[in-house]
DNA sequence: ACTAATTTGTACGTATGTATT
DNA sequence: CAATACATACGTACAAATTAG
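Chains as they are written, first to last, in the UniProt record's numbering: chain A, 1 to 250; chain B, 1 to 250.
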């Protein structure tokens with residue numbers, strides 16, 4: 001609320017396991033996404049940021065370097081630190097949500113690719129969610145959602161193999177979960193529940209979601225059922241929290 | 001899924017601004033909340049964790065020390081590191097959600113206290129959300145939700161002052177937003193939208209939510225309207241991500 | 001009661017990262 | 001681009017408490 005005043009309210013924590021430059025980089029990234037620097041088109045001068053955060057200018061420079069590495073800003077001598085990318089993808093969640101496909105509402109150029117698929121035995125969690133026996137055959141599908149060529153979601157989905165044995169092939173052919181379902185004889189389905197938590201990015205996230213280490217990942221566990229309430233899909237989707245926002249339409 | 005195997009799959013990131021001990025502390029905290037160590041009632045031995053994460057035993061010790069500071073574990077010489085607290089509060093979000101009060105479904109002993117309240121001029125964001133003019137008078141209320149004496153949510157809410165000028169007093173008297181609304185002449189309201197993001201904890205979070213620095217905070221921006229669709233409350237609620245999960249019932 | 005194995009606690013040394021001046 | 005101070009991480013070794021037999 002009270003961001004950007006004269007005093008040094010933008011507090012950062014010292015010596016607690018998270019380096020100052022990382023905290024500052026996270027804050028600036030969020031500020032950019034929130035459009036706080038939209039008027040100028042660039043972030044405040046390094047010495048201004050240093051004063052706001054109450055740190056040395058070198059520390060701010062480390063933060064800006066990290067953001068430049070991510071392609072979010074670009075520092076130009078004499079001009080300042082220009083904002084190159086300012087995104088915040090919005091993922092709506094509703095009864096009709098199909099977001100394991102990686103659908104972003106306002107994403108300009110969206111794309112979903114199948115990374116891997118396999119038939120495996122249901123783990124404890126998957127079996128409990130899909131209400132099948134532990135060890136039952138399930139199809140696991142891993143998909144990556146992109147918006148404007150940037151990865152914005154990484155989903156692992158499980159389907160009961162007895163009913164949706166060919167879902168992966170159908171998905172690869174059609175590029176759509178909904179269309180793949182149709183091929184497998186399911187015409188409609190609804191999003192039953194979605195559980196949301198947040199964790200620090202893991203190794204797999206860094207690679208797939210192109211994150212810098214220490215980033216925050218939103219984790220959504222979702223269950224889709226057919227119109228009779230029978231579970232058809234359980235999925236765990238991971239979103240980069242710095243550029244993704246989940247909107248719940250109740 | 002595949003946690004606890006022989007190899008060192010539990011990957012952590014080196015030299016990226018987040019200390020290894022913090023990453024490991026976060027992972028262990030999550031594992032405890034997920035009930036992965038329930039059988040033993042304690043976490044694996046330090047040298048086992050060190051092997052799993054591929055770090056030195058000292059680094060694991062730093063992580064466990066941080067968790068001990070939070071009251072989650074307690075290390076006892078010769079016995080091991082015992083799990084003292086294992087919580088994960090679930091916040092349901094639906095059309096009828098009233099979670100700015102800090103309502104947890106399965107929380108045993110829940111409580112909501114009013115921290116501060118004031119009348120102020122609406123900022124750009126608040127005005128846009130409440131569909132009123134920038135600078136209009138609004139009541140700001142800050143509340144802290146507790147479950148079993150542990151803070152689990154911190155909400156800042158704004159109400160149009162012309163309609164709900166006495167909401168803070170009514171809330172303090174009744175201890176319930178719904179009851180306070182009734183006193184102000186509003187009998188029913190619905191949760192219109194909820195937007196969820198996640199950020200690193202800020203200074204205020206550390207104090208109010210009793211978090212250790214570097215922790216992750218879930219941020220929910222929510223809008224309540226009356227039955228005519230007129231906005232009556234905009235709130236920003238912050239949850240400690242390590243022990244809170246949002247469940248969206250669509 | 002004793003011993004061995006297991007597990008945490010403590011200490012020292014070294015190297016590198018972080019942040020300020 | 002220093003020089004300095006402190007935090008982080010590793011390696012090794014041994015002490016102290018608990019548990020298993």
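Quick reminder that beta carbons are idealized off the backbone N, C-alpha and C, glycines included.
Minimum Cβ-Cβ distance from residue i to chain A less than 8 angstroms
i	result
residue 72 (chain B)	no
residue 142 (chain B)	no
residue 147 (chain B)	no
residue 104 (chain B)	For residue 104 (chain B), the predicted structure reports a pLDDT of 41, less than 50, and the residue's modelled location is therefore unreliable. A value from the coordinates is still provided. Chain A, which has no Cβ nearer than 8 angstroms to the Cβ of residue 104 (chain B), makes this no.
Test: residue i CB closer than 8 angstroms to a CB of chain B
i	result
residue 5 (chain A)	In this predicted model, residue 5 (chain A) has a pLDDT of only 37, less than 50, meaning its place in the structure is not dependable; the value taken from the coordinates is given anyway. No - not a single Cβ of chain B is within 8 angstroms of the one on residue 5 (chain A).
residue 195 (chain A)	yes
residue 210 (chain A)	no
residue 199 (chain A)	yes
residue 115 (chain A)	no
residue 167 (chain A)	no
residue 122 (chain A)	no
residue 232 (chain A)	no
residue 101 (chain A)	Caution is warranted here: a pLDDT of 45 is assigned to residue 101 (chain A), below 50, making its placement in the model unreliable, and the coordinate value is therefore given only provisionally. By this cut-off, residue 101 (chain A) is not an interface position.
Residues that residue i contacts on chain A, provided the C-beta gap is smaller than 9 angstroms
i	result
residue 294 (chain B)	This structure does not reach residue 294 (chain B), given that chain B is present from 1 up to 250, and the question cannot be answered.
Residues that residue i bridges to, as DSSP identifies them
i	result
residue 120 (chain B)	B:138
residue 225 (chain A)	A:190, A:231
residue 158 (chain B)	B:140, B:234
residue 70 (chain B)	Answer is none; residue 70 (chain B) lacks a bridge partner.
residue 245 (chain B)	B:90
residue 198 (chain A)	A:218
residue 19 (chain B)	Paired residue(s): none; residue 19 (chain B) is not in a bridge.
residue 82 (chain B)	B:42, B:74
residue 49 (chain A)	For residue 49 (chain A), which the question treats as bridged, DSSP gives no partner whatsoever.
residue 170 (chain A)	Per DSSP, none; premise fails for residue 170 (chain A).
residue 64 (chain B)	In the DSSP output, where bridge partners are listed per residue, residue 64 (chain B) has none listed.
residue 153 (chain A)	A:145
Cβ-Cβ separation, residue j to residue i (assumed contact under 8 angstroms), whole Å
i	j	result
residue 161 (chain A)	residue 139 (chain A)	5 angstroms
residue 23 (chain B)	residue 196 (chain A)	Actually they do not touch by this definition, with Cβ atoms about 21 angstroms apart.
residue 194 (chain A)	residue 220 (chain A)	5 angstroms
residue 67 (chain A)	residue 42 (chain A)	With a Cβ gap of about 12 angstroms, residue 67 (chain A) and residue 42 (chain A) do not count as contacting.
residue 222 (chain B)	residue 237 (chain B)	7 angstroms
residue 231 (chain A)	residue 130 (chain A)	5 angstroms
residue 57 (chain B)	residue 50 (chain B)	4 angstroms
residue 267 (chain B)	residue 18 (chain A)	The first residue shown for chain B is 1 and the last is 250, placing residue 267 (chain B) beyond what the model contains.
residue 171 (chain A)	residue 226 (chain A)	At roughly 17 angstroms, the Cβ-Cβ gap does not stay under 8 angstroms, so residue 171 (chain A) and residue 226 (chain A) are not in contact.
residue 38 (chain A)	residue 199 (chain B)	The Cβ separation is near 19 angstroms, so there is no contact.
residue 141 (chain A)	residue 122 (chain A)	That belief does not hold up - the Cβ atoms of residue 141 (chain A) and residue 122 (chain A) are roughly 14 angstroms apart, past 8 angstroms.
residue 127 (chain A)	residue 136 (chain A)	6 angstroms
residue 46 (chain B)	residue 60 (chain B)	5 angstroms
residue 248 (chain B)	residue 88 (chain B)	Contact doesn't hold; Cβ gap of about 16 angstroms is too wide.
residue 240 (chain A)	residue 209 (chain A)	5 angstroms
Neighbouring residues, chain B, relative to residue i (Cβ below 8 angstroms)
i	result
residue 177 (chain A)	Those within 8 angstroms of residue 177 (chain A) in chain B number zero; the least Cβ separation is about 17 angstroms.
residue 316 (chain A)	Here chain A covers residues 1 to 250 and nothing more, so residue 316 (chain A) does not appear.
Closer than 7 angstroms: residue i CB and nearest the ligand MN heavy atom
i	result
residue 59 (chain A)	No copy of the ligand MN occurs in the structure displayed, which carries no ligand at all.
For the UniProt domain "HTH gntR-type" (18 to 86) of chain B, list every residue whose C-beta sits within 7 angstroms of some C-beta in chain A, in sequence order. Within the UniProt domain "HTH gntR-type" (18 to 86) of chain B, the qualifying residues are 18, 19, 21, 22, 23, 26, 30.
Under 7 angstroms, CB to CB, which of the residues in the region 234 to 245 of chain B have a partner in chain A?
241, 245
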